[in-house]
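J.:
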Amino acid sequence: MLSTLAVCADPVVGVGSPVQQLFPGKEGQLSCPQGKKVYGVGGGGSLADSGNSYLNSVVPSADLRDAKVTMTAPPAGGMVVQVICGPAS
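Numbering (the working numbering), first residue to last: 2 to 90.
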C-alpha cells in the first residue's frame with residue numbers, strides 16, 4: 002500500500018523557487034547561496050526505466066547549507082538534486 006502525507010503551513014517570506022542540478026553519477030550535493038538555508042530537498046533519477054537504480058537517501062546537512070542525494074546505482078541519463086532555499090534567520 003502506498004501512503005502519502007501533506008503538511009500545509011503559512012508561506013515563509015523570502016523562500017525562492019527550487020534550484021536543481023543534474024549529476025552524472027549515483028550521488029550529488031547542492032548548496033544554497035550565501036545567507037540562505039535549505040527549507041526542502043528532493044531528487045532522483047529519470048521517470049523512464051533506469052534498471053536497478055533506486056533513491057537511497059535524501060539528507061540535508063546539519064547546518065542546512067546544502068543537501069546530498071544518493072541513488073543505489075547511477076541512473077541512465079543522470080540524477081537530479083533539488084533544494085529549496087530561504088532566509089537563514
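Beta carbons are placed, not taken as given, at the ideal position from N, Cα and C, and that holds for glycine. Note that the coordinates shown come from a computational prediction; the quantities given were computed from them, not determined experimentally.
1. By the DSSP assignment, the beta strand (DSSP E) with Met80 in it spans what residues?
2. Evaluate the contact criterion for the segment 6 to 25 versus the segment 53 to 63: three or more CB pairs, one atom per stretch, below 8 Å.
3. If contacts are defined as beta-carbon pairs under 8 Å, then Lys38 and Gly79 qualify, I think. What distance do you get, rounded to the angstrom?
4. By how many angstroms is the C-alpha of Val84 removed from the C-alpha of Leu23?
5. By alpha-carbon positions, which one of Ala63, Ala68, Pro25 and Gly26 ends up nearest to Gly41?
6. Considering Cα atoms alone, identify which of Gly44, Pro34, Val20 and Ala49 is closest to Lys27.
T.: Quick look at the numbers:
1. Along the sequence shown, one-based indexing puts residue 80 at 79. Taken as a continuous stretch (DSSP letters only), the beta strand (DSSP E) holding Met80 covers Met80 to Pro88.
2. no
3. Along the sequence shown, read from residue 1 onward, the residue named residue 38 stands at position 37. Along the sequence shown, read from residue 1 onward, the residue named residue 79 stands at position 78. With a Cβ gap of about 26 Å, Lys38 and Gly79 do not count as contacting.
4. Here residue 23 refers to the residue found at position 22 when the sequence shown is read from its first residue. Here residue 84 refers to the residue found at position 83 when the sequence shown is read from its first residue. If I take the Cα positions, the gap works out to 12 Å.
5. The residue given as residue 41 occupies position 40 in the sequence shown. The option with the nearest alpha carbon to Gly41 is Ala68.
6. Here the question's residue 27 lines up with position 26 in the sequence shown. Ranking Gly44, Pro34, Val20 and Ala49 by Cα distance to Lys27 puts Gly44 first.
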